[in-house]
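Please read the structure below before turning to the comments.
Residue numbers (the numbering used here): 261 to 434.
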């Protein structure tokens, strides 16, 4: 197919018109289009970051609520003034259950452990056999109150064991 000069002129005029349209209409707006495109990308990334942050916050809030339900309140694990006798009776009941002879000493020295929480040292002297002593220790670890044992010193007597237990009780002062 051979092009005649009329067709070539027609194609050249169309090419010139297309070039003029590109130069005067599309190219000036292309920089604006690039700017708008970059703004959209930037805003999209910022929204994605905000979404992830919000999602993380929601997950943390849910985990906090779950843990908060599992953690007993301070009133349940800390002793209040007036519960001294209850604690001593509970420890004596456990000692009697396992045929242990127990001597309890609560120190009068109070140590402010945290705001509204004081720590009072205690000393147990327990005499009995090894199995009963282990059962006793296991059971006092499961009582409702927070007792922290710092040191256990076990000695063999003629027919039994003697254990000195040093630790702390924690008391709520509000």
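Backbone N, C-alpha and C fix where the C-beta goes; we use that ideal spot for every residue, glycine too.
What whole-angstrom Cβ distance do residue 355 and residue 386 have, given they're in contact under 8 angstroms?
Right, their Cβ atoms sit about 7 angstroms apart.
Between the segment 310–329 and the segment 349–366, do three or more beta carbon pairs fall short of 8 angstroms?
Counting Cβ pairs under 8 angstroms, fewer than three are found: no touch.
Taking 8 angstroms as the threshold (C-beta atoms), are residue 348 and residue 431 in contact?
Cβ atoms of residue 431 and residue 348: not closer than 8 angstroms.
Using C-beta distances below 6 angstroms, list every residue in its chain close to residue 450, excluding the 5 sequence neighbours before and after it, in chain order.
Within the shown structure, residues of the chain are numbered from 261 to 434, placing residue 450 beyond reach of any answer.
Whose C-alpha, out of 323, 396 and 350, is nearest the C-alpha of residue 404?
That would be 350, whose Cα lies nearest to the Cα of residue 404.
Determine, using beta carbons only, whether residue 427 and residue 397 come nearer to each other than 8 angstroms.
Cβ distance not < 8 angstroms, so residue 427 and residue 397 don't count as in contact.
Work out the CA separation of residue 295 and residue 327 for me, nearest whole Å.
Going from the Cα of residue 327 to the Cα of residue 295 covers about 48 angstroms.
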